[in-house]
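A.B. asks:
Residue numbers (our numbering): 5 to 353.
1) Let me know the secondary structure DSSP gives residue 25 once reduced to three states.
2) Name the DSSP bridge partner or partners of residue 304?
3) Would you mind stating whether residue 221 and residue 262 have Cβ atoms separated by less than 8 Å?
4) Work out the CA separation of residue 275 and residue 103 for me, nearest whole Å.
5) Between the stretch 198-217 and the stretch 340-348, are three or more C-beta pairs nearer than 8 Å?
6) Quick one: complete alpha helix (DSSP H) runs, 4+ long, within the stretch 30-95?
7) In chain order, what residues of the same chain have a beta carbon less than 8 Å from the beta carbon of residue 146, not counting five sequence neighbours either side?
8) What first and last residue would you give for the alpha helix (DSSP H) that runs through residue 251?
9) On the three-state DSSP scale, how would you describe residue 124?
10) Under 7 Å Cβ to Cβ from residue 39, same chain only, skipping five residues before and after it: list those, please.
11) According to the neighbour-count rule (16 or more other Cβ atoms, all chains shown, within 10 Å of its Cβ), is residue 170 buried or exposed?
12) Give the C-beta separation of residue 272 and residue 288 to the nearest angstrom, bearing in mind that I take them to be a contact with Cβ-Cβ under 8 Å.
13) Reducing DSSP to helix, strand and coil, say where residue 169 ends up.
14) Per DSSP, what kind of secondary structure is residue 266 in: helix, strand or coil?
15) Do residue 138 and residue 110 have their C-beta atoms within less than 8 Å of each other?
16) Tell me residue 210's beta-bridge partners as DSSP assigns them.
17) Which runs of the alpha helix (DSSP H), 4 residues or longer, sit entirely within the stretch 96-153?
18) Could you have a look at residue 186 and say whether DSSP puts it in helix, strand or coil?
19) Spell out a yes or no on whether the stretch 238-246 and the stretch 297-314 are touching, meaning 3 or more CB-CB pairs, one atom from each, closer than 8 Å.
20) Within 10 angstroms of its Cβ, does residue 255 collect 16 or more other Cβ (buried), or is it exposed?
21) Of all the options 188, 336, 62, which has the alpha carbon lying nearest to the alpha carbon of residue 210?
22) From residue 224 to residue 107, what distance separates their C-alpha atoms?
23) Any idea what DSSP makes of residue 179, helix, strand or coil?
24) I'd like the span of the alpha helix (DSSP H) that includes residue 291, first residue to last.
25) Out of curiosity, what's the CA-to-CA distance linking residue 173 and residue 71?
26) Report the rounded CA-to-CA distance for residue 68 versus residue 61, giving the unit in angstroms.
27) Assign residue 192 to one of three DSSP states: helix, strand, or coil.
28) Going by other Cβ atoms of all chains shown within 10 Å of its Cβ, with 16 needed for buried, is residue 294 buried or exposed?
29) Given this structure, state the Cα-to-Cα distance separating residue 49 from residue 73, to the nearest angstrom.
30) Going by the beta-carbon positions, is the gap between residue 92 and residue 118 smaller than 8 Å?
31) For residue 299, collect the residues of the same chain with a Cβ closer than 6 Å to its Cβ; drop the 5 residues on either side in sequence, then sort them by chain order.
32) Starting from residue 331, follow the alpha helix (DSSP H) in both directions and report where the run begins and ends.
33) How about residue 134 and residue 113: do their beta carbons lie closer than 8 Å?
34) Please state whether the Cβ-Cβ distance between residue 95 and residue 86 is less than 8 Å.
35) Once DSSP output is grouped into helix, strand and coil, what is the label at residue 317?
36) Use the C-beta contact count for residue 347: other C-beta atoms within 10 angstroms, 16 or more gives buried, fewer gives exposed.
This is the structure:
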């Protein structure tokens with residue numbers, strides 16, 4: 005999984021119009037409108053502006069180029085402007101060129117497409133897929149390609165729609181449809197973007213000292229067996245965390261009362277050839293001791309959102325999966341997207 009931790013600074017890229025950020029209400033969006041709050045917040049956050057200084061463009065479609073520009077701002081990605089275009093219909097010099105290339109470089113767009121179709125109105129399915137890809141959850145979407153959905157009309161990009169639904173990015177209609185190919189309106193885009201924005205900018209709270217007040221859930225770490233391949237024991241892989249959170253959400257658990265338990269230490273597995281010699285939990289102090297030694301090489305697995313250290317030990321090799329700042333941040337981000345803001349950090353010592 006290509007993980008990206010979201011920065012708190014929004015990039016100042018191309019605007020949808022030349023109008024300045026709106027600080028007052030748009031004349032075409034009454035305060036009684038269902039998307040009023042998200043429209044105002046999206047404008048205030050600098051994600052996109054109105055079609056003029058006084059109007060938002062309520063009820064108008066939003067193009068793929070316009071949405072991808074807002075997407076780049078949402079994630080705060082550093083601008084990418086290659087001399088050779090990735091897509092046949094996105095030439096250098098166009099106002100959206102850098103935004104499209106930046107989104108592509110960060111994995112938010114499919115790698116198989118040769119054309120981007122910048123002027124086409126974006127669909128609901130395309131918005132959901134871009135957001136999930138931008139979050140770095142394509143691997144999770146692949147695992148959910150056959151997942152049960154509350155929608156009766158989703159046939160393509162099913163895994164991406166499933167992730168978007170699980171994370172509360174999208175909702176459906178009263179008739180149990182998602183209407184994936186329906187053209188999205190500007191207000192729809194504002195709502196989706198702000199759902200992600202608000203969750204990414206929420207805080208994660210360490211409640212280790214008051215853990216008895218919460219529903220504690222533990223993320224399983226795979227056990228080392230003779231049949232597994234190396235690396236064998238990724239610490240609390242993000243796929244397992246996702247499945248756990250999804251299960252609790254589907255059960256109707258009050259996720260505001262949930263605290264996910266993470267290890268402050270790690271798991272060390274010794275292997276000789278294809279034979280596992282030992283596998284044991286190690287404390288945070290032991291991890292620090294391993295990392296302080298001059299031997300071994302540190303790595304990070306995007307697939308598992310877990311750090312690991314490989315250490316030669318004579319004829320065997322020790323693989324130590326441990327809780328790094330990067331791995332913990334990636335897991336806490338996923339928790340916040342599910343609406344879980346509390347966590348407990350336990351040392352197995």
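Just so it is clear, CB atoms sit at the ideal spot from N, CA and C, and this is done for glycine as well. What you are looking at is a predicted structure, and each value in this text was computed from that prediction instead of being measured.
C.D. replies: Checking against the coordinates, here is how it stands:
1) At residue 25, the pLDDT of 42 sits below 50, so the modelled position is not reliable; the number obtained from the coordinates is stated separately. DSSP places residue 25 in coil when its eight states are reduced to three.
2) 311
3) yes
4) 46 Å
5) yes
6) 40-48, 68-79
7) 163
8) 242-254
9) coil
10) 191, 194, 195
11) buried
12) The pair is not a contact, with the Cβ atoms about 13 Å apart (cut-off 8 Å).
13) helix
14) strand
15) yes
16) 347
17) 101-109, 128-138, 142-147
18) coil
19) yes
20) exposed
21) 336
22) 33 Å
23) coil
24) 288-296
25) 15 Å
26) 16 Å
27) helix
28) buried
29) 14 Å
30) yes
31) 315
32) 329-342
33) yes
34) no
35) strand
36) buried
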